[in-house]
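Worksheet for the structure shown next.
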Amino acid sequence: MFRELEHRPLEFILRRDRQVVAVCLFIVAASAWLYILSGAGMGMSMLEMTHPGETGMDMDMVMPQSWSLGYTVMMFFMWWIMMIAMMLPSATPTILLSAALNRRSSSETPPYGSTAFFAFGYLLAWAIFSLVAVLFHWVIEQAGLLSMLMESASGILSGLLLILAGVWQFTPYKNACLTHCQSPVEFLVRARRPGNRGALVMGLHHGCYCLGCCWFLMALLFVGGVMNLYWIIGLAIFVYLEKWLASGKWLPRFAGAALLIWGVLVIGGVT
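Below is the structure:
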C-alpha cells in the first residue's frame, strides 16, 4: 500500500505528460490534414481533386507543368505535410512511449522538449522521402506519365509500382523495419541519447526504420492519385493497422499478395 502511494505522484505526472504530448501531436496532425484538405496550394480542394467530374474539367489530360522554384518548394511542402498527416498518427504510440521513458529517467525534468525533438527527427526522415518523391513526381510528369489529377496515366507504370510494392512486403528488409516499428521499446532503451540533439538523432533513426517499412506503400499514391482523399486515408489506416495490429504478420503478406495480383492485372489490361 505504501509503495502504491509512493508511486502515485509519478504516475499522475506520466498521465499528465501523456495528455499534453497527445494533444500537441493531435494539433500537428490535424493542422496537416486541414492543409491537405484545402488543396495544399494547388488551387483546388482535395475533395474537388477526388471528384473532378463535379468541377466540369477534364482532369485526365496529361499536361506537364512548368516547374519554377516556387512551384517546386510548394510541391515539397505538399508532400511533406501529407506525410505528416498520414504517418504521425501511426508514430504517436512510440512518441508517447519516448516521452514516458524520458520522464522516468529524470522525473524532475519535463520531457516536452526532448519529445518535440524526437518527433521532429521522425518527421525529418519523411522530409527526405518527400524530396525523393518530388523528384520522381517531376520526372514522370515531364515524361507525360502523370495526369492533371497527379495519378499515373500509364498502365505499365501503375502496374510496376503495384508489383514493386507487393514484392517489398515479402522482403527481409520490410520485415526488419516493421518489427522495429512494432516493438520500439528495445530501441528506445538501447539507443537512448542524452539531450535534445540525442532525441533528434533517435527520432531520425526511428523515422528511417518507418520509412523503410512504408516507402513503397507511399509510392502507391501515384497509382490512385497523389491528392485522392480515399487513397490517402486508406493508406494511412493500413499503415497504422500494419504497425499496431496484434494478430501477427499476416496483414503485410496478404497485402503483398493482393498488390502483386493487382499489378499483374493492371499491366495485362484487365483492370
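In our numbering, the protein residues as written are 1074 to 1344. In this text, a Cβ means the ideal position worked out from N, Cα and C, and glycines have one as well.
Whole angstroms are fine: how far does the CA of residue j sit from the CA of residue i?
i	j	result
M1156	T1252	21 Å
I1213	R1263	42 Å
W1241	L1290	9 Å
L1233	G1297	13 Å
F1085	R1177	12 Å
G1189	T1167	Checking the sequence shown, residue 1189 turns out to be Ala, not Gly. About 13 Å.
A1103	A1158	7 Å
F1327	Y1108	33 Å
Y1144	W1153	14 Å
T1128	Y1246	Low confidence applies to T1128: its pLDDT is 49, below 50, so where it sits in the model is not reliable enough to give any reading.
P1184	Q1255	23 Å
C1097	N1175	17 Å
Buried or exposed for residue i, going by 16 or more other Cβ atoms inside 10 Å?
i	result
T1244	exposed
I1305	buried
P1257	buried
V1339	buried
E1259	exposed
L1314	exposed
A1272	buried
A1330	exposed
S1139	exposed
S1220	buried
Once DSSP output is grouped into helix, strand and coil, what is the label at residue i?
i	result
S1225	strand
L1110	helix
L1237	helix
L1218	coil
D1131	A caution first: D1131 carries a pLDDT of 49, below 50, which makes its placement in the model unreliable, though a value can still be read off. The answer is coil: DSSP assigns D1131 none of H, G, I, E or B.
W1140	coil
T1123	helix
M1115	coil
T1244	coil
V1258	helix
V1094	helix
Alpha helix (DSSP H) segments (min. 4 residues) lying fully within the region 1290 to 1323: 1294 to 1297 and 1302 to 1317
Is it a yes or a no for the region 1190 to 1198 touching the region 1276 to 1288, going by three-plus beta-carbon pairs under 8 Å? Taking 8 Å as the limit for Cβ pairs, the verdict is that the region 1276 to 1288 does touch the region 1190 to 1198.
Report the start-end ranges of each beta strand (DSSP E) in the region 1160 to 1208 that is 3 residues or longer and not cut off at the edges. none
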